[in-house]
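Structure first, then comments.
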Amino acid sequence: MTFGPAILLVIAGFWFAYQFVAPPPPKKIVISTGSKTGTYYEIAQQYREELAKEGIELEIISSTGSGENIRRLVNKQADLAFIQGGTGNKEPGLYSLGSLFYEPLWIILGKRINVEQIADFSGLRIAIGEEGSGTRILAKQLLELNHIEENMAQLLAFPAKEAAEALIKSEIDVDIMVASSESDIVEQLLRDNQVKLLDLNRADAYMRLLPYLSKITLPEGVIDLGKNVPAQTVTLLAPTANLVISEDFNPALIVLFLKAADVIHSKASVFSAAGTFPSSEFTAYPINKVAERFYKKGPPFLMRYLPFWPAVFIDRMIVMLVPLLALLLPLGKIMPPLYRWRIRSKIYRWYKELQEVDDTVHRQQLSVAQFVMISRELSRIEDQVNKVKTPLSYADQVYNLLLHIDLVRKKLNAKKPQS
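Taking the numbering used here, I'd label the letters of the sequence shown as residues 596 to 1014.
See the structure below:
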């Protein structure tokens, strides 16, 4: 009776607090990448390996590029996706976990094409990437800035591999593509004597007009020092690859992905120094708050020192400390005195009856009938006290009461009337 209501109150508090516990992370998530021959798809394999170490299954689905990836995120067909900077329209509900690496814009010309600027591309056959790809979106923006309308050039929706083959065969004049420097297609084209890389000497202007772009340089000989590929330092433009999520993505998985991103992307590359990426800069969408905190302070305390699932469990259960602090601590102060009062009340209530008997014995000379009645009353009280069950720590108070009953009995016997 003492602790039952308190226990029920604590259980109710824990149940209420549990309504605010974040749901556990799913064990399977879907990432939308790019074509199966592209960099995004290849990097997704590395993420899958990193997440598998923590018991998370990453399903990789290919796509035509950033445009389709954005649609999948908006339509809840994927949990996260790689998005090329500058390809989105700031769709609500999408957030970036950061930029991962530079994606150079390669504008490669047939060797016989003698142009120095994108503004000179009028009348040329230009491969600008497939529909829905980030390459196509960026290529159109650059062409429009240079007043090259669609009716002024032949814009071809070739996949990257087909475009490279067509350029080598002189079936097209220009191949515009966004790809990593480690791409086999890029390396093939840079080593081919039948094509040449356009040097973007107006890169600063493009950066001002398209702020998501960065100016980078491809140093002379960096692809192959022995063969001096490229033969001279070339200025390029580059958006960044972003990891983008929808707003309901699990916060614990955000930290796990960022830790994986740090392992995969923090190394030095042809275009960036070690530690440049992942970064909260050059993001395609607003930076997620959990990600922003990660870049400033690193992983949460528990995830620094514990495996993923134990850390997540403890973090989720921290909210359960609310009833512990709000209920158990006050109850811890209230319950011991209340318990003592309840135990003593089982004993002390007999003192009132005993005191009434004692007053009767003390105040008047007793008749035989009164003596017998009071003697029976003392026996009844003694019998009831002997039935009282108390913890051993309170047994002394029961025995004190029995001694007091015996004391009153002695007083009674001293005033026993003569028969």
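Beta carbons are placed, not taken as given, at the ideal position from N, Cα and C, and that holds for glycine.
Would you mind working out which of Ile969, Glu777, Ser988, Asp953 sits nearest Val1003, comparing C-alpha positions? One-based indexing of the sequence shown puts residue 1003 at position 408. Among Ile969, Glu777, Ser988, Asp953, the Cα nearest to that of Val1003 belongs to Asp953.
Could you please give the first and the last residue of the uninterrupted alpha helix (DSSP H) stretch that includes Leu853? Within the sequence shown, the letter at position 258 stands for residue 853. First-last of the alpha helix (DSSP H) with Leu853: 846-860.
With 16 as the cutoff for other CB atoms within 10 Å, does Asp768 come out buried or exposed? Here the question's residue 768 lines up with position 173 in the sequence shown. Classification of Asp768: buried, given that the 10 Å Cβ count is 16 or more.
Determine the direct distance from the alpha carbon of Phe877 to that of Arg643, and round the result to whole angstroms. Here the question's residue 643 lines up with position 48 in the sequence shown. Here the question's residue 877 lines up with position 282 in the sequence shown. Taking the straight line from one Cα to the other gives about 24 Å.
Sorted by chain position, which residues of the same chain lie with C-beta nearer than 6 Å to Leu579's C-beta, five sequence neighbours on each side aside? Look at the range of the chain in this structure, 596 to 1014, and you will see that residue 579 is not part of it.
I believe Tyr807 touches Gly681 by the beta-carbon criterion, under 8 Å. Please report the beta-carbon distance rounded to the nearest angstrom. Translated into the one-based positions of the sequence shown, residue 807 becomes position 212. Translated into the one-based positions of the sequence shown, residue 681 becomes position 86. At roughly 4 Å, the Cβ-Cβ gap stays under 8 Å, so Tyr807 and Gly681 are in contact.
According to DSSP, which residues form a beta bridge with Met772? As a working mapping, residue 772 is identified with position 177 in the sequence shown. DSSP, once it has assigned bridges, lists Trp701 as partnering Met772.
Does the contact criterion of 3 or more C-beta pairs under 8 Å hold for the region 842-859 versus the region 699-711? no
Would you call the region 756-774 in contact with the region 726-740, where contact means no fewer than 3 C-beta pairs closer than 8 Å? yes
Using DSSP bridges, identify the partner residues of Ser778. Working through the sequence shown from its first residue, we reach residue 778 at position 183. In the DSSP output, where bridge partners are listed per residue, Ser778 has none listed.
Can you tell me which of Ala755, Pro754, Arg720 puts its alpha carbon nearest to the alpha carbon of Leu738? As a first step, residue 738 is located in the sequence shown; it is residue number 143 there, counting from the start. The shortest C-alpha separation from Leu738 is found at Arg720.
Give the DSSP bridge partners of Arg720, in chain order. As a working note, residue 720 is residue 125 in the sequence shown. BP columns for Arg720 point to Gln749.
Can you give me the start and stop residues for the alpha helix (DSSP H) that Glu649 sits inside? Taking the sequence shown and counting its residues from 1, one reaches residue 649 at position 54. Note, Glu649: premise wrong, no alpha helix (DSSP H); not H, not E.
Which of helix, strand or coil does DSSP assign to Gly693? One-based indexing of the sequence shown puts residue 693 at position 98. Strand at Gly693.
Which two residues bound the contiguous beta strand (DSSP E) that contains Thr560? Lying before the first or after the last residue shown, residue 560 is absent from the chain, which here runs from 596 to 1014.
Give a yes or no on whether the C-beta atoms belonging to Ile626 and Leu689 are separated by under 7 Å. As a position in the sequence shown, residue 626 is number 31, starting the count at 1. As a position in the sequence shown, residue 689 is number 94, starting the count at 1. Not in contact: Ile626 and Leu689 (Cβ atoms no closer than 7 Å).
When the Cα of Ile655 is compared with those of Tyr636, Asn746, Lys648, Gln992, which residue comes out closest? As a working mapping, residue 655 is identified with position 60 in the sequence shown. Among Tyr636, Asn746, Lys648, Gln992, the Cα nearest to that of Ile655 is on Tyr636.
Where do the N-terminal and C-terminal ends of the beta strand (DSSP E) with Leu813 fall, by residue? Within the sequence shown, residue 813 is the residue found at index 218, counting from 1. Element bounds for Leu813: 809-813.
Enumerate in chain order the residues of its own chain whose CB-to-CB distance from Leu997 is below 8 Å, with the five nearest sequence positions on each side excluded. Residue mapping note: residue 997 aligns to position 402 of the sequence shown, counting from 1. Once the five neighbours on either side are set aside, the close Cβ partners of Leu997 are Glu977, Val980, Asn981.
Would the beta-carbon of Phe903 fall within 7 Å of that of Leu851? What you label residue 903 is simply residue 308 of the sequence shown in a count that begins at 1. What you label residue 851 is simply residue 256 of the sequence shown in a count that begins at 1. Result yes, Cβ atoms of Phe903 and Leu851 sit closer than 7 Å.
I need the boundaries of the alpha helix (DSSP H) containing Leu997, first residue and last residue. In the sequence shown, counting from the first residue as 1, residue 997 sits at position 402. Run containing Leu997: 990-1009, per the alpha helix (DSSP H) assignment.
Taking all protein chains shown into account, do 16 or more other C-beta atoms lie within 10 angstroms of the C-beta of Tyr541, making it buried, or fewer, making it exposed? The chain is shown only over 596 to 1014; residue 541 falls outside these bounds and no answer can be derived.
When you compare each of Ser776, Gln827, Leu832 to Leu805 by their alpha carbons, which one comes out closest? The residue labelled residue 805 in the question sits at position 210 within the sequence shown. The shortest Cα separation from Leu805 among Ser776, Gln827, Leu832 belongs to Leu832.
Between the C-alpha atoms of Pro814 and Thr830, what's the straight-line distance to the nearest angstrom? Mapped onto the sequence shown, residue 814 falls at position 219. Mapped onto the sequence shown, residue 830 falls at position 235. In a straight line, the C-alpha of Pro814 is about 9 Å away from that of Thr830.
So Ile938 and Tyr994 are in contact, right, with Cβ under 8 Å, and what is the actual spacing, rounded? Residue mapping note: residue 938 aligns to position 343 of the sequence shown, counting from 1. Residue mapping note: residue 994 aligns to position 399 of the sequence shown, counting from 1. Actually they do not touch by this definition, with Cβ atoms about 14 Å apart.
Neighbour-count burial assignment, Asn746, 16 or more Cβ in a 10 Å radius: Within the sequence shown, numbered from 1, the residue matching residue 746 stands at position 151. It is exposed - the Cβ of Asn746 has fewer than 16 other Cβ atoms within 10 Å.
First through last residue of the beta strand (DSSP E) which encompasses Ser661: Position 66 of the sequence shown, counted from the first residue, corresponds to residue 661. Unbroken run through Ser661 is the alpha helix (DSSP H), 661-669; no beta strand (DSSP E).
Measure the alpha-carbon distance for Ile859 versus Gly629 and round it to whole angstroms. The residue labelled residue 859 in the question sits at position 264 within the sequence shown. The residue labelled residue 629 in the question sits at position 34 within the sequence shown. If you take the alpha carbons of Ile859 and Gly629, they lie about 18 Å apart.
Assumed close pair Leu751, Ile723 - CB separation to whole angstroms, cut-off 8 Å: The residue labelled residue 751 in the question sits at position 156 within the sequence shown. The residue labelled residue 723 in the question sits at position 128 within the sequence shown. Going by Cβ atoms, the distance from Leu751 to Ile723 rounds to 7 Å, so yes, they are a contact pair.
Using the rule of at least 16 other Cβ atoms within 10 Å of the residue's Cβ for burial, across every protein chain shown, is Leu603 buried or exposed? Looking up residue 603 in the sequence shown gives position 8. When all chains shown are included, Leu603 counts as exposed.
My guess is that Thr835 and Leu695 are in contact by the Cβ rule of under 8 Å, so how many angstroms apart are they, rounded? For the purposes of this step, residue 835 is taken as the residue at position 240 of the sequence shown. For the purposes of this step, residue 695 is taken as the residue at position 100 of the sequence shown. Contact flag correct, Cβ pair sits at about 7 Å.
Tell me Ser627's beta-bridge partners as DSSP assigns them. The residue given as residue 627 occupies position 32 in the sequence shown. Its beta-bridge partners are Ile656, Ala676.
Inter-residue Cα distance where the pair is Leu897 and Pro620: Reading the sequence shown from its first residue, position 302 is the one you call residue 897. Reading the sequence shown from its first residue, position 25 is the one you call residue 620. Rounded to whole angstroms, Leu897 to Pro620 spans 16 Å at the Cα level.
Report all residues from its chain with a CB closer than 6 Å to the CB of Gly816; omit the five preceding and five following residues, and keep chain order. On the sequence shown, position 221 is the one that residue 816 refers to. Result list for Gly816: Asn823, in chain order.
Element boundaries [beta strand (DSSP E), containing Val983]: Residue numbering aside, residue 983 sits at position 388 when the sequence shown is read from its first letter. No beta strand (DSSP E) contains Val983, which DSSP labels as neither H nor E.
Under the three-state reduction of DSSP, which class applies to Ser841: helix, strand or coil? Here residue 841 refers to the residue found at position 246 of the sequence shown. Strand, per DSSP.
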